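Okay, structure first, notes after.
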Amino acid sequence: MNEEVRSEEENSESNAYRTLARAKVLSEALPYMRRYNGQTIVVKYGGHAMGDPELARLFAQDMVLLKQVGMNPIVVHGGGPQIGQMLKELNIQSEFVDGLRVTDQQTIDVVEMVLAGKINKEIVSNINRAGGVSVGLCGKDAHLIKARKLQRTKRDPESNIEKVLDLGFVGEPVEVNPHVLDCFINTDIIPVIAPIGVGEDGQTYNINADTAAGAIAQAVGARRLYMLTDVKGILDADKQLVRDADIDSINAMIADGTIQGGMIPKTETCMDAVRNGVEAAVIVDGRAPHAVLLELFTERGAGTMIRGG
98 MNEEVRSEEE
108 NSESNAYRTL
118 ARAKVLSEAL
128 PYMRRYNGQT
138 IVVKYGGHAM
148 GDPELARLFA
158 QDMVLLKQVG
168 MNPIVVHGGG
178 PQIGQMLKEL
188 NIQSEFVDGL
198 RVTDQQTIDV
208 VEMVLAGKIN
218 KEIVSNINRA
228 GGVSVGLCGK
238 DAHLIKARKL
248 QRTKRDPESN
258 IEKVLDLGFV
268 GEPVEVNPHV
278 LDCFINTDII
288 PVIAPIGVGE
298 DGQTYNINAD
308 TAAGAIAQAV
318 GARRLYMLTD
328 VKGILDADKQ
338 LVRDADIDSI
348 NAMIADGTIQ
358 GGMIPKTETC
368 MDAVRNGVEA
378 AVIVDGRAPH
388 AVLLELFTER
398 GAGTMIRGG
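Here the sequence shown is numbered in our numbering, starting from 98 and rising by one per residue.
Right under this line is the structure:
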């Protein structure tokens, strides 16, 4: 057999194998598509997944696919690095306390411009280019997210006196209006939400994107809350991925120091969502292409799923 014929046969076998592999993936995904048909999921989008152009393109395609197979995705996005870059370009000093950006009036104007303007519309454009239909919102639209000033305290290690921290216009959700988002359920539209809230007096508040996503998931009765991060998920004491956990086990890992730093507020948001009606919350590695699809449509899943106790 000459080399040309052999090469053609090998290519044919390779193509047939790839076709069978694709068919197998679709066959395995079908039961999950049926399970989540008509269900709402909230995806917190941020970190490396949002900063990498190729991952951003794939994320937009995935959201369009979810909508086309009958699900109702709601995207809530962050934008800390982009805000930081804009503040730097404008020569505005920025300070952090316990991981939260102290936000004065000048800073909140930039935060709103970057989150509700530039970033929000980039995500909307990506989804539209992927063949979907998307609309950008922030919490100020139709009073979607009513907020109040976030109250935080910190104990002075020397005096042991607890002091109130003034973080400026950093807020926390008080109420989410689900009727605004209900309008999109029976349409082709995918809402993309910037975590900006509005106070009773009309004041603009910067809300942590994880917190906003959790509050929105609870308000709309989402089946799933997905938190895209820059880590694989929750790791145990041996640095192995924890695939499934309940609230009691998460609290135990926080208490013994297995979960620490920035993962604590993220897992607390997930637990709050699960306690308040969301079936499960999943911490997913947003650096992995198609991470949400792998979690939704495969038996093994991806990341760490947190359920009720």
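For every residue, glycine included, the Cβ atom is placed at its ideal position computed from N, Cα and C. Predicted model only: the values in this text are computed from it and were never measured.
Give me the Cα-Cα distance between residue i and residue j, rounded to the nearest whole angstrom.
| i | j | result |
| --- | --- | --- |
| G143 | L212 | 12 Å |
| G148 | D279 | 29 Å |
| G400 | G330 | 5 Å |
| G405 | K336 | 23 Å |
| G176 | I216 | 7 Å |
| I361 | D333 | 14 Å |
| G265 | A370 | 26 Å |
| E297 | E392 | 39 Å |
| H240 | P288 | 15 Å |
| K141 | H174 | 6 Å |
| M130 | R384 | 23 Å |
| L152 | V194 | 30 Å |
| A388 | D382 | 7 Å |
| D263 | Q248 | 8 Å |
| G299 | L155 | 37 Å |
| F281 | A314 | 15 Å |
| S346 | E186 | 44 Å |
| N373 | R321 | 12 Å |
| E219 | M368 | 30 Å |
| T366 | N348 | 12 Å |
| P150 | V277 | 30 Å |
| G358 | V339 | 17 Å |
| K246 | D238 | 19 Å |
| V328 | R132 | 27 Å |
| A157 | Q202 | 33 Å |
| A118 | S231 | Note on A118: pLDDT 49, under 50, position unreliable in the model; the coordinate value appears next. Approximately 32 Å, taken between the alpha carbons. |
| G354 | D206 | 37 Å |
| N283 | Q182 | 38 Å |
Does the distance from the CB of residue i to the CB of residue j come in under 7 Å?
| i | j | result |
| --- | --- | --- |
| I242 | G236 | yes |
| I356 | M350 | yes |
| A146 | L390 | no |
| V267 | T200 | yes |
| I180 | V208 | yes |
| N188 | G167 | no |
| L184 | S191 | yes |
Which same chain residues end up closer than 7 Å to residue i when comparing Cβ atoms and leaving out the 5 residues on each side of it in sequence?
| i | result |
| --- | --- |
| P275 | A316, V317 |
| A319 | T137, I138, V139, V375 |
| E160 | At residue 160 the sequence reads Met, which differs from the Glu that was named. Cβ within range, chain order: P170, V172, I224, G229, I287. |
| K164 | P170, G229, D285, I287 |
| G178 | Note that residue 178 corresponds to Pro in the displayed sequence, not to Gly. Closer than 7 Å at the Cβ level, and outside the excluded window around P178, lie G148. |
| V102 | A caution first: V102 carries a pLDDT of 48, below 50, which makes its placement in the model unreliable, though a value can still be read off. Hits under 7 Å: none found. |
Which same chain residues end up closer than 6 Å to residue i when comparing Cβ atoms and leaving out the 5 residues on each side of it in sequence?
| i | result |
| --- | --- |
| A312 | P270, V273 |
| M402 | D341, A377, V379 |
| A309 | V173, P292 |
| A352 | none |
| P386 | L155 |
Tell me, which residues are paired with residue i by DSSP?
| i | result |
| --- | --- |
| C367 | DSSP output for C367 lists no bridge partner at all. |
| I290 | V173, L234 |
| D341 | M402 |
| N303 | V267, I293 |
| T137 | N169 |
| V273 | I242 |
| L332 | L338 |
| V194 | L197 |
| T326 | D382 |
Please go through the same chain and pick out, in chain order, the residues whose beta-carbon is closer than 8 Å to the beta-carbon of residue i, but skip the five residues on each side of it.
| i | result |
| --- | --- |
| K363 | D307, M324, T326, I380 |
| A244 | G236, G268, E269, P270, V271, G294, V295, G296, Y302, I304 |
| L162 | L390 |
Quick check: is any heavy atom of the ligand HEM less than 6 Å from the C-beta of residue i?
| i | result |
| --- | --- |
| V208 | In terms of ligand content, the structure shown is empty, and the ligand HEM therefore cannot be addressed. |
Does any residue of chain C bring its CB to less than 7 Å from the CB of residue i?
| i | result |
| --- | --- |
| A310 | Looking for chain C here will not work: only one protein chain is present. |
Worksheet item: Given 8 Å as the limit, is there contact between the segment 217-228 and the segment 303-322, that is, 3 or more CB pairs closer than that?
Response: Contact between the segment 217-228 and the segment 303-322 is absent, because fewer than three Cβ pairs lie under 8 Å.
Fill in: Validate contact between the segment 197-214 and the segment 281-293 using beta carbons, cut 8 Å, 3 pairs
As far as the Cβ criterion goes, the segment 197-214 touches the segment 281-293, which means the pair count is three or higher.
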